[in-house]
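Colleague: The sequence shown begins at 0 in numbering that gives the first Met the number 0 and counts up by one.
Cβ atoms here follow ideal geometry from the backbone N, Cα and C, with glycine treated the same way.
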Amino acid sequence: MRGPALLTPRLLWRPLCSEQPAPGNMPEEAQVTVRFGPYMNGSGTVQHSVSRLQGLRAVLLSDGHKVFLEEILDRDIVELMVNGEIVFQCNIKELDFGGDGKLDPLCEEARHAVLNSY
């Protein structure tokens, strides 16, 4: 058991582990599910959109993971799930719009959370 943080996953906004990933711990082509909710875009409509997930998806794919996108009803939320466990959560509006994710600090935090989940 890792502690009380797992009892309230909706309140968790940062990765569970902040250490650098140890090389070789991550299996090849691990499955990562990116669950994301609707958010209000520039035109004022609330809908699911993957534009803010492009960088996050690119970073995870560059590490060799299989990335699956899943729409959820929770507004403004992005959750990364590995082996059925939420390893990272943030507000979708905090992610950079478009891009490759290399300059987005949240994408790097998410990457480390996935690597440390094994």
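(1) Between the beta-carbon of V113 and the beta-carbon of V58, is there less than 7 Å?
(2) Among S48, L72 and G83, which one has its Cα closest to the Cα of S116?
(3) Look at the alpha carbon of E107 and the alpha carbon of D62, and state the distance between them as a whole number of angstroms.
(4) Return the chain-ordered ranges of every beta strand (DSSP E) run that is complete within the stretch 28-67 and spans a minimum of 3 residues.
(5) Closest to I91 by C-alpha separation, out of D99, K101, R51 and A109, would be which residue?
(6) DSSP three-state call for G98: helix, strand or coil?
(7) Cα-Cα, which of L79, L105 and G100 is closest to A29?
(8) Check the DSSP bridge columns for I76 and list the partner residues they point to.
(9) Output yes or no for whether 7 Å exceeds the beta carbon distance between D95 and G36.
(10) Inspect the beta-carbon positions of H47 and E70 and report whether they are closer than 7 Å.
(11) Can you pull the DSSP bridge partners for V81?
(12) In angstroms, rounded to a whole number, what distance separates the CA positions of G41 and A109?
Modeller: Let me lay it out:
(1) Here residue 113 corresponds to residue number 114 of the sequence shown, with the count starting at 1. Here residue 58 corresponds to residue number 59 of the sequence shown, with the count starting at 1. No, they are not a contact pair.
(2) In the sequence shown, counting from the first residue as 1, residue 116 sits at position 117. Closest option to S116, Cα to Cα, is G83.
(3) To locate residue 107, count along the sequence shown from 1; it is residue 108. To locate residue 62, count along the sequence shown from 1; it is residue 63. Straight-line Cα distance between these residues: approximately 11 Å.
(4) 30-35
(5) In the sequence shown, the residue the question calls residue 91 occupies position 92. Residue nearest to I91 within the set D99, K101, R51 and A109 is R51 (criterion: CA-CA distance).
(6) The sequence position of residue 98 within the sequence shown is 99, counting from 1. Three-state DSSP puts G98 in coil, outside helix and strand.
(7) Counted from its first residue, the sequence shown places residue 29 at position 30. Considering only alpha carbons, the answer is L79.
(8) Position 77 of the sequence shown, counted from the first residue, corresponds to residue 76. DSSP lists N90 as partners of I76.
(9) Locating residue 95 in the sequence shown gives position 96, counting from the first residue. Locating residue 36 in the sequence shown gives position 37, counting from the first residue. The answer is no: Cβ separation not under 7 Å.
(10) For the purposes of this step, residue 47 is identified with residue 48 of the sequence shown, where counting begins at 1. For the purposes of this step, residue 70 is identified with residue 71 of the sequence shown, where counting begins at 1. Yes. Within cutoff.
(11) Walking along the sequence shown from the start, residue 81 turns up at place 82. Bridge partners of V81: E84.
(12) Along the sequence shown, one-based indexing puts residue 41 at 42. Along the sequence shown, one-based indexing puts residue 109 at 110. Approximately 25 Å, taken between the alpha carbons.
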